[in-house]
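A.B. asks: One structure follows; several queries about it will come next.
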Amino acid sequence: MISFAIGLILSALISGDVLIISGENLAHINTETGTVTPSVGTLHTYPNDVIISNGYAFVVNSGTDTGTLQRFELGSWTLTELGIGSGWNCWASSPLPDGNLAVSATLNNSVVMVNPVTMQTVSSISGTGPNPEWMYSENNLLYTACGGWGTGESVVVANITTGLSIDTITVETNCQSVVSDENGHLFATCSGTYGSDDGSIVVVDASTYTATDTLVVGGFPGYSVKANGILYTSDPWGAGVFSIDMTTLEILHDSTNPFCSGGNGMAVDENGYLWISDGMNGEVRVYDTGENLVHTYSVPTPAAIAVSGCFTGIYNGREQGITISVYPNPAFNAIAVSGVNPGAQITVFDIAGRTAATATVGENEPFSMDISSFAPGLYTVVSGTSAARFAVTSK
0 MISFAIGLIL
10 SALISGDVLI
20 ISGENLAHIN
30 TETGTVTPSV
40 GTLHTYPNDV
50 IISNGYAFVV
60 NSGTDTGTLQ
70 RFELGSWTLT
80 ELGIGSGWNC
90 WASSPLPDGN
100 LAVSATLNNS
110 VVMVNPVTMQ
120 TVSSISGTGP
130 NPEWMYSENN
140 LLYTACGGWG
150 TGESVVVANI
160 TTGLSIDTIT
170 VETNCQSVVS
180 DENGHLFATC
190 SGTYGSDDGS
200 IVVVDASTYT
210 ATDTLVVGGF
220 PGYSVKANGI
230 LYTSDPWGAG
240 VFSIDMTTLE
250 ILHDSTNPFC
260 SGGNGMAVDE
270 NGYLWISDGM
280 NGEVRVYDTG
290 ENLVHTYSVP
300 TPAAIAVSGC
310 FTGIYNGREQ
320 GITISVYPNP
330 AFNAIAVSGV
340 NPGAQITVFD
350 IAGRTAATAT
360 VGENEPFSMD
370 ISSFAPGLYT
380 VVSGTSAARF
390 AVTSK
């Protein structure tokens with residue numbers, strides 16, 4: 000319990016952390032300084048989900064049996080790993096009221112309970128399917144979206160204490176996530192049949208486990224979050240992010256009129272600000288409680304995202320709003336970095352997140368950097384809140 004207590008202390012002392020799955024890396028944003036670090040840790044095959052809980056970041060990797068669940072200690076980034084099942088294709092994790100983590104095992108039709116302190120499995124809930132994905136827990140109940148990858152239409156309800164499924168709520172096809180308005184209603188996000196463009200949000204009365212409304216938003220929405228009474232749901236490879244007023248059930252933005260592009264990951268900070276990953280545009284955007292865009296960070300191929308603390312908007316004003324670029328790309332002898340203000344610091348990270356070089360930009364534009372000693376591979380140049388990736392080839 001000592002290590003768990005230390006984790007709690009760290010969670011109180013370390014604020015303003017944003018973790019983003021960025022390809023095979025776990026990227027980090029310091030919300031107080033605006034600094035983007037392309038990698039604070041290396042992930043396994045098909046990283047799918049990230050959360051922050053009790054001073055740690057937890058990543059679920061769908062394509063591995065040995066490092067299925069990765070735990071990174073915030074700040075030190077010390078890594079502990081747990082393998083779960085064999086070919087279970089685990090999908091997501093969710094903190095439970097009893098202190099454990101629930102991990103959905105998509106190809107095993109079960110939810111595995113993990114002690115986050117010891118990083119050991121403690122129990123499981125079988126019969127959670129077909130193909131469980133994202134989850135939501137409240138009091139002693141766990142609600143799991145089970146879409147059957149296009150063949151299911153269920154939210155499975157389980158008792159956390161007994162480890163037994165107690166009911167199945169019928170919603171619409173391909174249910175992938177579930178969110179509560181904390182006022183007696185669940186909102187199940189249903190993607191619909193692949194290619195049908197008939198995604199919907201199903202509203203469920205949590206007291207009777209019956210669907211009361213189906214709100215058709217179109218597209219292929221999968222993941223949803225709640226911020227300031229609004230449900231945001233995303234179709235990241237389609238139209239983008241849609242939204243619904245959770246009180247009036249008015250569809251504010253659908254596939255014909257999206258709120259914004261992206262939605263590969265979404266999270267809400269402690270001030271109610273909405274963070275959205277946009278994989279195709281290589282950026283993470285922050286919207287305030289009035290849905291105004293307040294900042295954009297450059298992050299390579301951002302996907303799932305988790306936030307602790309809140310956006311402060313404190314960063315070096317000299318670096319505000321810069322967008323850097325690197326050429327030639329690929330390169331083998333030298334690179335030119337443009338878009339960086341004179342006197343600014345730039346850092347080059349390798350694919351594992353190690354610092355390969357640092358420099359202070361001079362007066363001449365573009366800034367030239369010698370990379371003749373770099374090994375072939377992928378690298379990222381970072382300055383303030385902007386980043387650009389390049390490849391080094393053999394000479």
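Read left to right, the sequence shown gives residues 0 to 394 (numbering that gives the first Met the number 0).
No residue lacks a Cβ here, since even glycine has one placed at the ideal position from N, Cα and C.
Keep in mind that this is a model prediction, so the values were computed, not measured.
(1) I'd like the ranges of any beta strand (DSSP E) spanning at least 3 consecutive residues and lying wholly in the stretch 143-191.
(2) Counting only the same chain and skipping the five closest in sequence on each side, list residues whose C-beta sits under 8 Å from that of S393.
(3) Flag this pair as yes or no: are the beta carbons of V336 and V347 separated by less than 7 Å?
(4) Within 8 Å, do at least three Cβ pairs link the stretch 297-309 to the stretch 41-60?
(5) Nearest to E137 by CA position, among G128, N158, I124, T127, is which residue?
(6) Give me the Cα-Cα distance between Y314 and H294, rounded to the nearest whole angstrom.
(7) Please return the same chain residues whose Cβ sits closer than 6 Å to the Cβ of D234, not counting the five positions on each side in sequence.
(8) If V155 and T167 are in contact, beta carbons under 8 Å, what's the gap, nearest whole angstrom?
(9) M112 and N130 - do their beta-carbons sit closer together than 7 Å?
(10) Near S21, which residues of its chain fall below 8 Å by C-beta distance, leaving aside the five closest residues on each side in sequence?
(11) On the premise that S199 lies in contact with L214, defined as a C-beta separation below 8 Å, what is that separation, rounded to the nearest angstrom?
(12) Apart from the five residues on each side of it in sequence, which residues of its chain come closer than 7 Å, Cβ to Cβ, to N114?
(13) Using 7 Å as the threshold, is the C-beta distance between S75 and W90 below it?
(14) Put T41 into one of helix, strand or coil per three-state DSSP.
(15) Looking at S122 and the ligand ATP, is the gap between the Cβ and the nearest heavy atom below 6 Å?
(16) May I ask which residues mark the beginning and end of the beta strand (DSSP E) holding G376?
(17) Quick check on the DSSP output: the beta strand (DSSP E) that includes W133 runs from which residue to which?
(18) Can you give the Cα-Cα distance for Y193 and Y222, rounded to whole angstroms?
(19) Where are the beta strand (DSSP E) runs, 3 residues long or more, that stay fully inside the stretch 328-380, in chain order?
(20) Whole angstroms is fine: what's the gap from V285's alpha carbon to C145's?
(21) Answer with buried or exposed for T247, where buried requires no fewer than 16 other C-beta atoms within 10 angstroms of its C-beta.
(22) Enumerated in chain order, which unbroken segments of the beta strand (DSSP E) with a length of 3 residues or greater are wholly contained in the stretch 84-115?
(23) Nearest CA to the CA of L25: which residue from T32, T160, L42?
(24) Among V216, D212, T211, D244, which one has its Cα closest to the Cα of N227?
(25) Using the three-state DSSP reduction, which class does I19 fall into: helix, strand or coil?
(26) Can you tell me whether M134 is buried or exposed, with buried defined as 16 or more other CB within 10 angstroms of its CB?
(27) Check the DSSP bridge columns for F389 and list the partner residues they point to.
(28) Return yes when the Cβ of T354 is within less than 7 Å of the Cβ of Q344, no when it is not.
(29) Between the alpha carbons of L95 and D180, how many angstroms are there, rounded?
(30) I'd like to check one pair, D277 with G264: are the Cβ atoms closer than 7 Å?
(31) Can you tell me whether L214 is helix, strand or coil according to DSSP?
(32) Rounded C-beta distance between T65 and G82? I'm assuming under 8 Å.
(33) Within its chain, find whatever has a CB closer than 8 Å to the CB of I5; leave out the 5 residues flanking it on each side and keep chain order.
(34) Between the C-alpha atoms of L292 and G33, what's the straight-line distance to the nearest angstrom?
(35) Distance, Cα to Cα, E318 vs V339?
(36) Here's a check: name, in chain order, each residue in its chain whose Cβ is nearer than 7 Å to the Cβ of M118, leaving out the five neighbours to either side.
C.D. replies: In short, the structure shows the following:
(1) Runs found: 153-158, 163-169, 174-179, 184-189.
(2) Here the set comprises F331, P375.
(3) Cβ distance not < 7 Å, so V336 and V347 don't count as in contact.
(4) Contact holds between the stretch 41-60 and the stretch 297-309, because three or more Cβ pairs, one in each stretch, are under 8 Å apart.
(5) With respect to the C-alpha of E137, the residue from G128, N158, I124, T127 having the closest C-alpha is N158.
(6) Caution is warranted here: a pLDDT of 45 is assigned to Y314, below 50, making its placement in the model unreliable, and no coordinate value can be reported.
(7) Shown here for D234: same chain residues with a beta carbon closer than 6 Å to its own, the five before and five after excluded, namely G218, F219, P220 in chain order.
(8) Between V155 and T167, the beta carbon gap of about 5 Å places them in contact (Cβ cut-off 8 Å).
(9) Judged by beta-carbon spacing, M112 lies beyond the 7 Å limit of N130, meaning their Cβ atoms are not closer than that value.
(10) Short of 8 Å from the beta carbon of S21, and not among the five residues preceding or following it, lie these beta carbons of its own chain, in chain order: P37, S38, V298, P299, T300, P301, A302.
(11) That belief holds up - the Cβ atoms of L214 and S199 are roughly 6 Å apart, short of 8 Å.
(12) Closer than 7 Å at Cβ, skipping near neighbours: N99, V121.
(13) No, the Cβ-Cβ distance between S75 and W90 is not below 7 Å.
(14) DSSP places T41 in the strand class (E or B) of the three-state scheme.
(15) Only the bare structure without any ligand can be found here, which leaves the ligand ATP out of the picture.
(16) Secondary structure note for G376: its beta strand (DSSP E) is the uninterrupted segment 376-382.
(17) Start and end: 131-137.
(18) Answer to the nearest angstrom: the Cα atoms are 15 Å apart.
(19) Restricted to the stretch 328-380, the beta strand (DSSP E) segments that are unbroken, complete and at least 3 residues in length are 333-337, 344-349, 354-359, 366-369, listed in chain order.
(20) Going by the C-alpha atoms only, they are around 30 Å apart.
(21) In this structure T247 is exposed. Its beta-carbon is surrounded by fewer than 16 other beta-carbon atoms within 10 angstroms.
(22) Complete beta strand (DSSP E) runs here, min 3: 89-94, 100-104, 109-114.
(23) Looking at the Cα atoms, L42 is the closest of the given residues.
(24) Comparing Cα-Cα distances from N227 to each of V216, D212, T211, D244, the minimum goes to D244.
(25) Here I19 sits in strand by DSSP.
(26) M134 sits buried, since 16 or more C-beta atoms from the chains shown fall within 10 Å of its C-beta.
(27) Looking at the DSSP output, F389 bridges to Y378.
(28) By the CB criterion at 7 Å, Q344 and T354 fall outside the cutoff.
(29) When rounded, the distance between both Cα atoms is 18 Å.
(30) Not a contact, by the Cβ cut-off of 7 Å.
(31) If DSSP states are grouped into helix, strand and coil, L214 belongs with the strands.
(32) Contact holds; Cβ gap of about 5 Å.
(33) For I5, the predicted structure reports a pLDDT of 39, less than 50, and the residue's modelled location is therefore unreliable. A value from the coordinates is still provided. In the same chain as I5, and ignoring 5 residues on each side of it, the C-beta atoms closer than 8 Å to its own belong to G54, in chain order.
(34) Cα to Cα, the separation comes out at about 15 Å.
(35) In this prediction, E318 scores a pLDDT of 40, lower than 50, which makes its location untrustworthy; no coordinate-derived value is stated.
(36) Around M118: R70, T79, L81.
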